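Written below as structure tokens is the structure these notes are about.
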Amino acid sequence: MTDTYRHKGLRRQLASVLAKKGIINTEILTAVETIPRHLFIPDNALHKYAYEDKPFPIGAGQTISQPYTVAFQTQLLDLKPREKVLEIGTGSGYQTAVLLEMGVKVFSIERQKALFDRTKQLLPTLGYKTNLFYGDGYKGLPTYAPFDKIIVTAGAPYIPEDLLKQLKVGGILVIPVNEGDSQRMKKIIKKSATNFETEDLSLFRFVPLLKEKGRD
Ligand code: SAH
Numbered sequence: 000m001t002d003t004y005r006h007k008g009l010r011r012q013l014a015s016v017l018a019k020k021g022i023i024n025t026e027i028l029t030a031v032e033t034i035p036r037h038l039f040i041p042d043n044a045l046h047k048y049a050y051e052d053k054p055f056p057i058g059a060g061q062t063i064s065q066p067y068t069v070a071f072q073t074q075l076l077d078l079k080p081r082e083k084v085l086e087i088g089t090g091s092g093y094q095t096a097v098l099l100e101m102g103v104k105v106f107s108i109e110r111q112k113a114l115f116d117r118t119k120q121l122l123p124t125l126g127y128k129t130n131l132f133y134g135d136g137y138k139g140l141p142t143y144a145p146f147d148k149i150i151v152t153a154g155a156p157y158i159p160e161d162l163l164k165q166l167k168v169g170g171i172l173v174i175p176v177n178e179g180d181s182q183r184m185k186k187i188i189k190k191s192a193t194n195f196e197t198e199d200l201s202l203f204r205f206v207p208l209l210k211e212k213g214r215d
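Going by numbering that gives the first Met the number 0, the first residue of the sequence shown is number 0, and it counts up by one from there.
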């Protein structure tokens, strides 16, 4: 579990790749330069590829999202310091760390027990204060609602009603929704309790947002 100057150099290169692909928010680029992504990938043999702009397996049939996808979704959230953010699909915790580097308060839900346990242990060792929950993301976290922003990091068959309810008026939900074999990224702004404005963005490929809670 070490971070080296070589890793730091590779992170700077990754940040410039993301900038060229259209990530203009400099705080996000700084987060990418800061966070040791290789430490979020459990298979040491993959560490040498950790700063390529690619997803990698993290166990339990899941993946750490591609850095461009993480940065793109984060940029769409239009974060302000100290906002309350709900993340669905903690996975490796990398997206969680990016959000925390942006100065917001994060609540994150994961349905795979093995990933939940590992990430709950990992994030504090890297200095991140976490609010992680083992449960079903479709239901959100009613106890801690409302949220300024909500980000879903798995491909959803539809937009869960509970998540729309748990968003503040003026808040933003960023969610990839199934369309054929891939997902259409959607940015949804809550204009009032009953009125939502949806912006359809480009297509991405995510692991599916699953209905039943895992039993591993
Ligand atoms: N943000 C993560 C992405 C991991 S992939 C990262 O960068 O590592 C998506 C994650 O969503 C997986 O870990 C998967 O187990 C989780 N997931 C799938 N369905 C879920 C659900 N209904 N509730 C919560 N998490 C879910």
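Glycine included, every Cβ here is placed at the ideal spot set by N, Cα and C. Note that the coordinates shown come from a computational prediction; the quantities given were computed from them, not determined experimentally.
- Contact between phenylalanine 205 and alanine 144 is absent: CB atoms are separated by about 24 Å, not below the 8 Å threshold.
- For arginine 10, the enclosing alpha helix (DSSP H) stretches over residues 4-19.
- Closest in alpha carbon position to glutamine 165, among Gln94, Asp116, Asn177, Lys189, is Lys189.
- The Cβ atoms of proline 159 and tyrosine 133 lie no closer than 7 Å to each other.
- Taking a C-beta distance under 7 Å as the contact criterion, arginine 36 and tyrosine 127 do not qualify as a contact pair.
- Close CB contacts of proline 123 within its chain, under the 8 Å cut and outside five residues either way in sequence, are with Thr129 (chain order).
- Note on serine 191: under 16 other CB atoms within 10 angstroms of its CB, so exposed under the neighbour-count rule.
- In this structure, leucine 45 lies away from lysine 186, with their beta-carbon atoms at least 7 Å apart.
- Annotation note: the segment 38-107 contains the following uninterrupted beta strand (DSSP E) runs of length 3 or greater, listed N- to C-terminal: 55-58, 61-63, 83-87.
- A check of alpha carbon separations from phenylalanine 39 across Phe106, Ala155, Leu13, Gln120 identifies Gln120 as the nearest.
- Here DSSP, grouped into helix, strand and coil, assigns glutamine 111 to coil.
- Taking C-beta atoms as the reference points, proline 66 and aspartate 52 count as a pair closer than 7 Å.
- The residues Ile40, Asp42, Leu45, Tyr48, Ala49, Thr62, Ile63, in chain order, have a CB closer than 8 Å to that of phenylalanine 55 in the same chain once the five nearest residues on each side in sequence are set aside.
- When secondary structure is reduced to three states using DSSP, isoleucine 34 falls in the coil class, being assigned neither helix nor strand.
- Annotation for lysine 7: Glu32 place their beta carbon closer than 8 Å to its own, counting only its chain and skipping 5 residues before and after.
- Taking 8 Å as the upper bound for CB-CB distance, methionine 101 and glutamate 26 are in contact here, some 6 Å apart.
- It is roughly 22 Å from the alpha-carbon of threonine 68 to the alpha-carbon of leucine 125.
- Taking 6 Å as the cut-off, one finds no heavy atom of the ligand SAH near enough to the beta carbon of glycine 154.
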